[in-house]
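Trainee: Numbering (the working numbering), first residue to last: 19 to 342.
All residues carry an ideal CB built from backbone N, CA and C; glycine is no exception.
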Ligand SMILES: Nc1ncnc2c1ncn2[C@@H]1O[C@H](COP(=O)(O)OP(=O)(O)O)[C@@H](O)[C@H]1O
Ligand SMILES: [Mg+2]
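This is the structure we're talking about:
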């Protein structure tokens, strides 16, 4: 996928056999990851899958039980302070003070990074504008909506111009508008500024829209990995639905389509099958033509990441969330 060539940021994330146990729970059960600089990596999984535990280890908040990880080229165990200097993180439990304003948070954050004076002032205004909080900047955080808090959190994570950004479920609980505004900003950071983004999510759509590559984690194991397109092509099957021009021919259509796949749900007046193989659609169209079966409508439904999750875990992502 297109990546910025304006900025070169040297190293991404390397993880080998990373494990984290909590007493009897193996929250992360030996995962491997290779994430290139400038890439947006979507870490997708239901509640309790091990996403936050992974983020906590990669951001040096939690020591691994086993395995190794380097972030921006630095070892998370042996070079913790160098890792921390290279990363920004917006975690699930945002540490915002309800009695401080947005500007005050940023002023504090900038000071902690040794940024002062005019430079600090300009930086704060730039960040507030970037996340759309300029007018709300002097309001106390306790008056902020969930989306505004998330955006302030993102601004705080960006203060020291990190080369790698960790976002743990950044859009959970946000309305669709705030969600897409955040997506736009995350995509811009990666494309224009070459920032590597490690983003966890429970939303298939988010991973699909935003991520260059997706890793699906379930019970501490990575069960699938690839570009959203690759994953869908690998596992998911396309569905073709045909509406015959003449309703009386529904029976004949049924017979024809069943040669190409298994019956699946269709609208009234239509028949649909889940295609056995890839690239079967042209054969279906040829068969309709050869057998003079006229179609009023032909719809092809591409597989979704949900199909991938189902194929790998035997559960739907939504169902898995409810269980947790
Ligand atoms: N501090 C902790 N102590 C004990 N168990 C934990 C702790 N943190 C997480 N876990 C457990 O580890 C598993 C993974 O949790 P987590 O990484 O938070 O999942 P996710 O972020 O994908 O929802 C869960 O079973 C959770 O209950
Ligand atoms: Mg979590």
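Out of 324, 161, 270, 288, state which residue places its alpha-carbon closest to the alpha-carbon of residue 318.
Mentor: The candidate whose alpha carbon is nearest that of residue 318 is 288.
Trainee: So, with DSSP's three-state summary, where would you put residue 154?
Mentor: It is coil, neither helix nor strand.
Trainee: Taking a contact to mean a Cβ-Cβ separation below 8 angstroms, would you say residue 204 touches residue 58 in this structure?
Mentor: Yes, these two residues count as a Cβ contact at 8 angstroms.
Trainee: In whole angstroms, what separates the C-alpha of residue 202 from that of residue 149?
Mentor: Each residue's Cα considered, the two are about 10 angstroms apart.
Trainee: Can residue 330 be considered in contact with ligand 1, in the sense that its beta carbon sits closer than 7 angstroms to one or more heavy atoms?
Mentor: False, no ligand heavy atom lies under 7 angstroms from that Cβ.
Trainee: Got a list of residues with beta-carbon closer than 6 angstroms to any non-hydrogen atom of ligand 1, in chain order?
Mentor: Output, sorted by chain position: 40, 43, 45, 63, 65, 66, 67, 68, 69, 70, 71.
Trainee: In whole angstroms, what separates the C-alpha of residue 294 from that of residue 273?
Mentor: C-alpha separation (whole angstroms): 15 angstroms.
Trainee: For residue 142, report the span of its alpha helix (DSSP H) as first-last.
Mentor: Where residue 142 is concerned, the enclosing alpha helix (DSSP H) stretches over 135-148.
Trainee: Helix, strand or coil: which one does DSSP assign to residue 292?
Mentor: DSSP places residue 292 in strand when its eight states are reduced to three.
Trainee: What first and last residue would you give for the alpha helix (DSSP H) that runs through residue 32?
Mentor: Unbroken run through residue 32 is the beta strand (DSSP E), 31-40; no alpha helix (DSSP H).
Trainee: Closer than 7 angstroms to a non-hydrogen atom of ligand 2 - does that hold for the CB of residue 187?
Mentor: Correct: residue 187 has its Cβ closer than 7 angstroms to ligand 2.
Trainee: Considering Cα atoms alone, identify which of 98, 157, 173 is closest to residue 188.
Mentor: Nearest option by C-alpha distance: 173.
Trainee: Mind checking residue 163: buried by the 16 CB within 10 Å criterion, or exposed?
Mentor: Label assigned to residue 163: exposed.
Trainee: Leaving out the 5 sequence neighbours to the left and right, which residues in its chain are closer than 7 angstroms to residue 324 when beta-carbon positions are compared?
Mentor: Same-chain partners within the cutoff: 222, 334, 335.
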